[in-house]
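Data first, discussion second: the structure below is written as structure tokens.
Number of protein chains: 2
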Amino acid sequence: MVTAKKDDFPEKDVQLSDWCKALSHPARISILRILAARTECQCGELVIDLPLAQATVSQHLKVLKDAGLIQGEVDGPRLKYCMNKKNKDRFFKLIEQFNYHLSE
Amino acid sequence: MVTAKKDDFPEKDVQLSDWCKALSHPARISILRILAARTECQCGELVIDLPLAQATVSQHLKVLKDAGLIQGEVDGPRLKYCMNKKNKDRFFKLIEQFNYHLSE
DNA sequence: ATCGTACATCGTATATATACGATAGCATTA
DNA sequence: TAATGCTATCGTATATATACGATGTACGAT
Numbered sequence: 002m003v004t005a006k007k008d009d010f011p012e013k014d015v016q017l018s019d020w021c022k023a024l025s026h027p028a029r030i031s032i033l034r035i036l037a038a039r040t041e042c043q044c045g046e047l048v049i050d051l052p053l054a055q056a057t058v059s060q061h062l063k064v065l066k067d068a069g070l071i072q073g074e075v076d077g078p079r080l081k082y083c084m085n086k087k088n089k090d091r092f093f094k095l096i097e098q099f100n101y102h103l104s105e
Numbered sequence: 002m003v004t005a006k007k008d009d010f011p012e013k014d015v016q017l018s019d020w021c022k023a024l025s026h027p028a029r030i031s032i033l034r035i036l037a038a039r040t041e042c043q044c045g046e047l048v049i050d051l052p053l054a055q056a057t058v059s060q061h062l063k064v065l066k067d068a069g070l071i072q073g074e075v076d077g078p079r080l081k082y083c084m085n086k087k088n089k090d091r092f093f094k095l096i097e098q099f100n101y102h103l104s105e
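Protein chains in written order, with the numbering used here: chain A, 2 to 105; chain B, 2 to 105.
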């Protein structure tokens, strides 16, 4: 990329594409499924369930966190992750609008 | 990536992540919007509407085509692109299922 | 104070993605 | 046949993403 052209596009589409990018790896989709099932979860538990090294899982968590789809909470001695429901709902609403717009 | 771990994940999640990846750039979201509005469209028309060079637009079209979200049709002398409605509907169905699964 | 546990971050290797100019292919038109 | 218009592909530069071992950080337990 000589220069990033991404921001020459409508804000809404940039937001939608950013969220889609956050879901563009099956590990991150799996993480969201696991978090939904357990309400909250430590990184270590995810490492057990996923075919990836701890550093890699941590990296995927960062991507989801930066996209605002999950959040980390300090729960006493442990760091627990959980879904950011507000943004999750925003994402699915935006996707639904997009679908509606395409189908008209 | 030393080795791609992608395929160690459930087929359904790989499919969903592939479609999300196809939507992970605002140019491709814009292209889908334009195609939906015009039913069908030539590459050249897209180049006019997007802040990108012709080669780059063609590359984005390839990504969408490879993901199965659009298709090219030879219409007499011209090559016209249009949505692949079947796969588009599959994608939004899968996304909806995913949302349902997360909300449970 | 030391140890162990849990996790983030660093460093690094490699693969993909983004962007564009240049060029090739392939019809239609002159 | 030559010129034109449209688009895919090549070549190339650069930015991001993926993956993991090693290391750093924080803190409760011994």
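By construction, the Cβ of each residue, glycine as well, lies at the ideal position given by its N, Cα and C atoms.
Assumed close pair residue i, residue j - CB separation to whole angstroms, cut-off 8 Å
i	j	result
Lys6 (chain B)	Leu53 (chain A)	6 Å
Ala28 (chain A)	Met84 (chain A)	About 16 Å separates the two Cβ atoms, so there is no contact after all.
Val64 (chain A)	Leu47 (chain A)	Rounded, the Cβ-Cβ distance is 13 Å, inconsistent with contact.
Ser18 (chain A)	Ser18 (chain B)	In fact, because the Cβ distance is near 14 Å, the residues do not count as touching under 8 Å.
Lys66 (chain B)	Gln72 (chain B)	7 Å
Leu103 (chain B)	Lys89 (chain A)	7 Å
Contact set for residue i: own chain, Cβ-Cβ below 8 Å, skip 5 residues either direction
i	result
Cys42 (chain B)	Ile35, Leu36, Lys81, Tyr82 and Cys83
Leu51 (chain B)	Ala28, Ser31, Ile32 and Val58
Within chain A, partners of residue i - CB distance below 7 Å
i	result
Cys15 (chain B)	The residue asked about is misnamed: residue 15 (chain B) is Val in this sequence, not Cys. Near Val15 (chain B) (Cβ distances below 7 Å), the residues of chain A are Pro27.
Cys21 (chain B)	Cys21, Leu24 and Ser25
Ala5 (chain B)	Here the premise fails: no neighbours, minimum Cβ distance about 10 Å.
Neighbouring residues, chain A, relative to residue i (Cβ below 8 Å)
i	result
Asp9 (chain B)	Pro52
Cβ shell of residue i (< 6 Å), same chain only, five flanking positions each side left out
i	result
Phe92 (chain A)	Trp20
Gln55 (chain B)	Val48
Contacts that residue i makes with chain B (C-beta to C-beta distance below 9 Å)
i	result
Arg34 (chain A)	Asp14, Phe99, His102 and Leu103
Ile49 (chain A)	Under the 9 Å cutoff, chain B gives no residues; its nearest Cβ is about 14 Å from Ile49 (chain A).
Proximal chain B residues relative to residue i, where beta-carbon distance stays under 7 Å
i	result
Lys89 (chain A)	Leu103
For residue i: DSSP bridge partner residues
i	result
Glu74 (chain A)	A:Lys81
Cys42 (chain A)	A:Tyr82
Status (buried if at least 16 other CB within 10 Å, exposed otherwise) for residue i
i	result
Ile96 (chain B)	buried
Asp9 (chain A)	exposed
Asp76 (chain B)	exposed
Residues of its chain near residue i, where Cβ-Cβ distance is below 7 Å and the 5 sequence neighbours each way are ignored
i	result
Thr40 (chain B)	Cys83
Ala23 (chain A)	Arg29, Val64, Leu65, Ala68 and Leu70
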